[in-house]
Amino acid sequence: MQLTPEQALPTENIDEHKLIIALPGSGKTHTLIALVHSILTRTSNSQVLMVTFTNASASEMKHRLEKRLGSAARRARATTFASLMLSMWRPLANGRKMILGGEQMTYIRRAALNNGCGTDSLVEIASLLDERSRSMSPPTGDDLISRIYADYLNLLSQFNRADLNVIAQEVIEGVKSGAIPPVPERYILIDEFQDTSSSDFAWVSAHIERGKYVYAVGDDDQSIYSWRGADGYESMLMLQEIYGAVGYTLSTCFRCSPKILAAAKRLIDYNDERIDKQMRSGKTTPGVVDRISIPPKIVSGWTKELESMDSIDFGGKKKQRQNRPPTKEELKKQEENRALERARFIVETIITENPFEWAILARTNADLDLIEKALAERKYNSVRLGGRSVFDSEHAAGIVKLLYGISQKKQILCLSEGLGWLGESETVISYIYASAMKLGFGAINGLNSSNWLQETVKLHALATEWQIDTDNQQIIQERVTNFMAIIQSRLERRADKDAKLQLSILRMMLDILLSTKGSLADRIMSLYERVMKNTRKKADHKTPDAVKLATLTGSKGLEFPRVWIMSVDDGKLPSKKALESINPAAALEEERRLLYVGMTRAEEHLRISYTEEKHSKFVIEIFGYV
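The working numbering numbers the first residue of the sequence shown as 70 and each following residue consecutively.
Here it is in structure tokens:
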């Protein structure tokens, strides 16, 4: 496929820093492959490093390069920022191992508990720690977050662990000081540059100062990850202002029909913090953009069918006969029922319009849960894209580490990390860790167990027996039942905000354990590997016989013939949380970018729905009226 003149321009001069702004569907990857081809064919020894944020993107780039360049593609390396940082950090590791996801949350939980914090605010604390540790000069002090952060770093050091932010900081300082060499490639191409954090940009700066050329590719209008440190617009400006990057724009969108692109442009033009750019569609068919206002108390066809059979009591009829106002719980249930009715209306509309061409996008997973239920009622297949696996949670990691730690004599580190998730004190964990290294958990002296959690005492009593493996199903059932009772007791006593979720994950983990074949040790090992490696197969957005469901965030990078964006309501999109944040103006712009990303997933038909009389201001910005 030939390059357009606009796509060809950034491939011509290779010895310069570049900033390539690429609209959605503008042939970005096609252009990047051509740019790499241009570099590799000009000199026989040139090398290119391509960096992105997901393994899928890195694999796709490498595959397309091999297809086009053959053996020359060996001089091009495609990787993610995380993998790159880890590989560069190995000379500095000194026996430390990286932690991510649920395993990392266990350490954050322990640091929070050390400082008297309940676990209900754990997600917020984790976010604040992440923000702090991304800085190359984290603030210090005696405030609560500073104390938790210091304890967290001490725990990582004590148990020979490092998180990705610690790794990134050490790598950047190492490159700057000369302690470790920069990457060998002369040309560094960074995709999705709008998603780079301040530490990512510091890595880029360190390499520019070591004589590397950097090509940054992205779209500031698709910067939707400020919550995880992405600087988007600011990073792009700094690359031009500090390092003189030459700017290029891929302004033709080959995905979206003209009406869809025009609607998306009307919305995003309301943002102030953005690079002004032309937007034009490469398609000749105009496309369709429409909207639907859904009454808040609509009754779906599904419910009418059930009512006609007199099989349900719909609409709170019994409550209407009672001479009292509804309780808060009843009002909440009524609103949940109404939300489900609106989801049923959406499903009943699309099943008359080639349903499997549709992708339904929403601000929250809770909205998608309702759509999924409504589709199941009608016996239509659906596929969730970009959803978070239960195996990624800290609770799954904590549970399997306890199982692994009490069943294997030498897995004391796993045991200590599991006890940390359980909420055991650091004093007790340190004693068990030091004492059990030689003897195993079950053999250590329990005379000092008066200050242990009662659940730790009970797990200690199980350990010796568990370390004798068995394939007897009855014995396995008894052991798992005992373990379940112990952990459930702890979950009920600590009464976290997400206690129900924790209990459901516990049951799921143990159900998997009981349904697996092999000895107990084999089953625990299999479950441990499944949780720690998370080998869950990724959902396919091209599944031909299913309605596609995704959050607006999860839809990034995908495209569909028809897109329905639901619940564009005031307080939901933009979200109430965004409007009440410390910087509501910046939060509003990010919410607008989020909707822009969703709108530009559509190829031929874009539909936006909202609850009647609750429409978002974005509806007016897109359509000009209500």
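Using N, Cα and C, we set each Cβ at its ideal position, and we do this for glycine too.
- Straight-line measurement puts the Cα of Lys507 at about 14 Å from the Cα of Gly474.
- By alpha-carbon distance to Val105, the top candidate from Ala145, Leu78, Gly587, Ile89 is Ala145.
- Taking C-alpha positions only, Ser476 is separated from Ser499 by approximately 19 Å.
- Setting aside the 5 residues that flank it on each side, Ala615 is surrounded in the same chain by Phe425, Asn450, Ser451, Val452, each with a C-beta closer than 7 Å to its C-beta; the list follows chain order.
- In this structure, Ile311 sits away from Ala619, with a CB-CB distance that is not shorter than 9 Å.
- With three or more CB-CB distances shorter than 8 Å, the region 534–541 counts as touching the region 583–593.
- Taking a cut-off of 8 Å for Cβ pairs, the region 107–121 and the region 244–264 touch, as three or more such pairs fall below it.
- By the beta-carbon neighbour count (other beta carbons within 10 angstroms, threshold 16), Tyr317 is buried.
- Under DSSP, the beta-bridge partners assigned to His674 are Val357, Arg631.
- Assignment of Tyr500 by DSSP, reduced to helix, strand and coil, places it in the helix class.
- According to the DSSP assignment, Tyr339 belongs to no beta strand (DSSP E), since it is labelled neither H nor E.
- In the three-state DSSP reduction, Trp521 falls in the coil class, being neither helix nor strand.
- Ala333 and Met668 have their C-alpha atoms spaced approximately 6 Å apart.
- When Ser152, Glu200, Ala103 are compared, the shortest CA-CA separation from Thr121 is found for Ser152.
- Cβ neighbours of Ala141 within its own chain (closer than 7 Å, five residues either side excluded): Leu109.
- The beta carbons of Asp565 and Gln557 sit no closer together than 9 Å.
- His132 and Cys325 have their C-alpha atoms roughly 26 Å apart.
- Sixteen is the threshold: when 16 or more other Cβ atoms of the shown chains lie within 10 Å of the Cβ of Glu493, as they do, the residue is buried.
- Considering only Ser362, Arg576, Asn652, the residue with the shortest C-alpha distance to Ala465 is Arg576.
- For the pair Ile367 and Glu410, the CB atoms are nearer than the 9 Å cut-off.
- Here Cys483 carries a helix assignment [DSSP, helix/strand/coil].
- Counting the other Cβ atoms within 10 Å of the Cβ of Asn234 gives 16 or more, which makes it buried.
- Comparing alpha-carbon positions, the option among Ala445, Leu101, Arg111 lying closest to Ala127 turns out to be Leu101.
- Distance from the CA atom of Asn520 to the CA atom of Tyr665, rounded to whole angstroms, is 55 Å.
- In this structure, Arg661 and Ser292 do not form a Cβ contact; the two beta carbons are roughly 11 Å apart against a cut-off of 8 Å.
- Annotation: Ile83 is outside any beta strand (DSSP E) and is labelled neither H nor E by DSSP.
- Looking at the backbone, the Cα of Gln546 and that of Leu531 are separated by about 14 Å.
- Arg201 and Ile214 do touch by the CB rule: their CB atoms are close to 7 Å apart, below 8 Å.
- Going by beta carbons, Pro643 and Ser678 fall outside the 9 Å limit.
- The C-beta of Val192 has fewer than 16 other C-beta atoms within 10 Å across all chains shown, which makes the residue exposed.
- Around the CB of Lys569, fewer than 16 other CB atoms lie within 10 Å, so the residue is classed as exposed.
- Taking 9 Å as the cut-off, the beta carbon of Ile90 is found closer than this to the beta carbon of Lys346.
- Judged by beta-carbon spacing, Phe228 lies within the 9 Å limit of Leu482, meaning their Cβ atoms are closer than that value.
- For Gly243, no beta strand (DSSP E) encloses it; the enclosing alpha helix (DSSP H) starts and ends at 233–246.
- The residue from Gly187, Glu405, Trp427 with its alpha-carbon nearest to that of Ala435 is Glu405.
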